[in-house]
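Undergrad: Here the sequence shown stands for residues 3 to 342, numbered as in my numbering.
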Amino acid sequence: MAVKFHDYYKTLGIERGASPEQVQAAYRKLARTWHPDVNKSPNAEKKFKEISEAYEVLKDPEKRKRYDTLGANWQAGDEFRPPPGWEGFSSGGRSGGPSFHFKGFDGNESFDFFSGGFSDFFETMFGGSGAGRSGGPGRSGTGDPSRGPSRGARSGPEPDPEAEVAMSLEEAYRGGRRTLTLTVDEPGPGGVMQRHQKNYEVTIPPGIADGKRLRLAGEGGMRRDGTAADLFLRIRINPHPRFRITGSDLEADLPVAPWEAALGAKVAARLPNGSATVTVPAGSQAGKRLRLKGKGLRTDGDTRGDLYLMITIRIPETLSDRERSLFEELAKVSDYDPRK
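#1: Which stretch, first to last residue, makes up the alpha helix (DSSP H) that contains residue 210?
#2: Would the stretch 240–252 and the stretch 215–230 be scored as touching if the rule is three or more Cβ pairs under 8 Å?
#3: Could you give the first and the last residue of the continuous alpha helix (DSSP H) run that contains residue 124?
#4: Any idea what DSSP makes of residue 295, helix, strand or coil?
#5: Tell me whether residue 163 is buried or exposed, calling it buried when 16 or more other Cβ atoms sit within 10 Å of its Cβ.
#6: Pull up the CB-CB distance for residue 236 and residue 213, whole angstroms please, since I reckon it's below 8 Å.
#7: Bridge partners of residue 179, per DSSP?
#8: The beta strand (DSSP E) that contains residue 252, what's its start and end?
#9: Does the structure place the stretch 309–320 close enough to the stretch 245–262 that three or more beta carbon pairs sit under 8 Å?
#10: So, using beta-carbon positions, are residue 275 and residue 176 closer together than 7 Å?
#11: May I ask whether a heavy atom of the ligand FAD can be found less than 6 Å away from the beta carbon of residue 23?
#12: Take residue 295 and list the residues in its own chain whose beta-carbon comes closer than 6 Å to its own, dropping the five residues that flank it on each side.
#13: Using a Cβ-Cβ cut-off of 8 Å (strictly less than) and excluding sequence neighbours within five positions of residue 285, which residues of its own chain qualify?
#14: Measure the CB-CB distance between residue 29 and residue 57 and report whether it falls below 7 Å.
#15: Around the C-beta of residue 36, are 16 or more other C-beta atoms found within 10 angstroms, so that it is buried, or is it exposed?
#16: Provide the residue(s) that pair with residue 233 in DSSP beta bridges, ordered along the chain.
#17: Does the Cβ of residue 222 have 16 or more other Cβ atoms within 10 Å, making it buried, or fewer, making it exposed?
#18: Roughly how many whole angstroms lie between the Cα atoms of residue 62 and residue 217?
#19: With distances taken Cα to Cα, identify the nearest neighbour of residue 20 among 66, 52 and 40.
#20: If residue 279 and residue 288 are in contact, beta carbons under 8 Å, what's the gap, nearest whole angstrom?
#21: Among 76, 51 and 161, which one has its Cα closest to the Cα of residue 121?
#22: What residues are listed by DSSP as bridge partners for residue 310?
#23: From residue 182 to residue 233, what distance separates their C-alpha atoms?
#24: Answer with buried or exposed for residue 342, where buried requires no fewer than 16 other C-beta atoms within 10 angstroms of its C-beta.
#25: Do you know offhand how far residue 260's Cα is from residue 27's?
#26: To the nearest angstrom, report how far apart residue 17 and residue 32 are at their CA atoms.
#27: Can you tell me whether residue 346 is helix, strand or coil according to DSSP?
Here it is as structure tokens:
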């Protein structure tokens with residue numbers, strides 16, 4: 003059966019060679035614009051589903067690679083049939099999982115979408131492996147267990163859904179209990195999708211790292227065998243203007259005055275949850291890194307990574323008469339030449 007081709011790159015407004023970071027940025031921008039909870043236009047939900055479907059494919063390296071094998075000559079709306087016997091394509095059909103829409107812990111919107119209501123093109127391409135259906139160990143992310151394995155798919159237990167939840171670095175660093183609002187779409191009587199909101203108190207472990215998962219037991223909707231699936235929340239920490247995240251370590255610049263770098267000093271350094279006093283050794287050069295052990299994010303165990311402060315030397319933009327006089331005196335008595 004022919005289905006309508008979907009141009010996922012056009013949907014997200016990006017080039018075919020876009021990086022994963024560009025894919026994610028485009029999705030987040032469009033999701034915030036078209037999410038049905040904030041956009042009341044009649045076609046907002048349809049548009050949001052299209053955006054979510056495009057992101058589901060292009061964020062996944064395997065799905066994107068498979069999609070890209072179709073080439074660049076297709077236009078949105080063209081009739082499409084997978085070549086006979088092409089591995090990885092299924093015979094079509096829609097899956098029937100729940101969908102979730104998330105409101106961020108700080109009141110800002112943080113989006114992901116889970117549904118069996120993706121297009122026939124998606125179902126034909128990927129066999130119903132909709133958003134959030136990436137399996138854990140021993141699980142397959144493709145195929146529909148209710149129909150048996152499709153071509154190129156493995157049979158196995160139905161995976162638990164997974165969502166990305168964005169939060170600030172400060173929230174992740176300090177942890178605590180946060181309220182998570184879910185708008186859940188689940189099949190009701192007669193298979194009609196019904197939407198309702200649920201609030202959950204979620205415990206965020208202090209220092210949780212980007213990419214870690216939290217489990218909401220039994221909150222992933224009903225599986226086809228009638229058992230309750232778990233919902234996994236994958237933490238995504240928003241970019242921060244001051245701190246850089248490298249795994250479980252944090253990095254930040256530490257501005258110091260020329261005399262502090264030359265003579266040494268104790269200075270206040272900002273942390274995601276406050277401040278700390280650090281010692282700048284005498285003779286510190288720009289680029290020198292100071293390590294604050296255990297002040298980063300959590301590792302796989304109970305320990306934390308480190309916070310690295312990179313010294314940057316700041317020169318006063320304006321000088322008082324006294325300061326200028328002292329600098330001039332230093333220039334006369336010093337034989338230091340940084341260019342030698």
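Backbone N, C-alpha and C fix where the C-beta goes; we use that ideal spot for every residue, glycine too.
TA: For this structure:
#1: On the sequence shown, residue 210 is found 208 positions in, with the first residue counted as 1. Segment: none, residue 210 is in no alpha helix (DSSP H) and carries neither H nor E.
#2: Verdict: no, contact absent.
#3: Here residue 124 refers to the residue found at position 122 when the sequence shown is read from its first residue. Boundaries of the alpha helix (DSSP H) harbouring residue 124: 122–128, taken from the DSSP string.
#4: Residue 295 sits at position 293 when you count from the first residue of the sequence shown. Residue 295: coil per DSSP, three-state reduction.
#5: Taking the sequence shown and counting its residues from 1, the one referred to as residue 163 is at position 161. With 16 or more Cβ atoms within 10 Å of its Cβ, residue 163 is classed as buried.
#6: Here the question's residue 236 lines up with position 234 in the sequence shown. Here the question's residue 213 lines up with position 211 in the sequence shown. Contact flag correct, Cβ pair sits at about 7 Å.
#7: Indexing the sequence shown from 1 puts residue 179 at position 177. According to DSSP, residue 179 bridges with 205.
#8: On the sequence shown, position 250 is the one that residue 252 refers to. Start and end: 251–258.
#9: The stretch 245–262 is in contact with the stretch 309–320.
#10: As a first step, residue 275 must be located in the sequence shown, where it is residue number 273. As a first step, residue 176 must be located in the sequence shown, where it is residue number 174. Less than 7 Å separates the beta-carbon of residue 275 from that of residue 176.
#11: This structure simply doesn't include the ligand FAD, nor any ligand for that matter.
#12: Here residue 295 is taken as the residue at index 293 of the sequence shown, counted from 1. For residue 295, where only same-chain residues beyond five positions count, the Cβ hits under 6 Å are 308.
#13: The residue you call residue 285 lines up with position 283 of the sequence shown. Closer than 8 Å at Cβ, skipping near neighbours: 263, 264 and 266.
#14: The residue given as residue 29 occupies position 27 in the sequence shown. The residue given as residue 57 occupies position 55 in the sequence shown. In contact: residue 29 and residue 57 (Cβ atoms closer than 7 Å).
#15: For the purposes of this step, residue 36 is taken as residue 34 along the sequence shown, with counting starting at 1. So residue 36 ends up on the buried side.
#16: As a position in the sequence shown, residue 233 is number 231, starting the count at 1. Residue 233 is bridged to 218.
#17: If you number the sequence shown from 1, residue 222 lands on position 220. In this structure residue 222 is buried. Its beta-carbon is surrounded by 16 or more other beta-carbon atoms within 10 angstroms.
#18: Sequence index remark: in the sequence shown, residue 62 carries index 60 (1-based). Sequence index remark: in the sequence shown, residue 217 carries index 215 (1-based). Each residue's CA atom was taken as its position, placing residue 62 and residue 217 some 22 Å apart.
#19: As a first step, residue 20 must be located in the sequence shown, where it is residue number 18. When each option's Cα is compared against that of residue 20, the closest is 66.
#20: Here residue 279 corresponds to residue number 277 of the sequence shown, with the count starting at 1. Here residue 288 corresponds to residue number 286 of the sequence shown, with the count starting at 1. With a beta-carbon spacing of about 21 Å, residue 279 and residue 288 fall beyond the 8 Å limit used to define contacts.
#21: Position 119 of the sequence shown, counted from the start, is the residue given in the question as residue 121. Of 76, 51 and 161, the residue nearest in Cα terms is 51.
#22: Numbered from its first residue, the sequence shown carries residue 310 at position 308. Bridge partners of residue 310: 253 and 293.
#23: Residue mapping note: residue 182 aligns to position 180 of the sequence shown, counting from 1. Residue mapping note: residue 233 aligns to position 231 of the sequence shown, counting from 1. Residue 182 and residue 233 have their C-alpha atoms some 13 Å from each other.
#24: Along the sequence shown, read from residue 1 onward, the residue named residue 342 stands at position 340. Note on residue 342: under 16 other CB atoms within 10 angstroms of its CB, so exposed under the neighbour-count rule.
#25: Here the question's residue 260 lines up with position 258 in the sequence shown. Here the question's residue 27 lines up with position 25 in the sequence shown. If I take the Cα positions, the gap works out to 39 Å.
#26: Taking the first residue of the sequence shown as 1, we reach residue 17 at position 15. Taking the first residue of the sequence shown as 1, we reach residue 32 at position 30. Each residue's alpha carbon lies about 15 Å from the other.
#27: The first residue shown for the chain is 3 and the last is 342, placing residue 346 beyond what the model contains.
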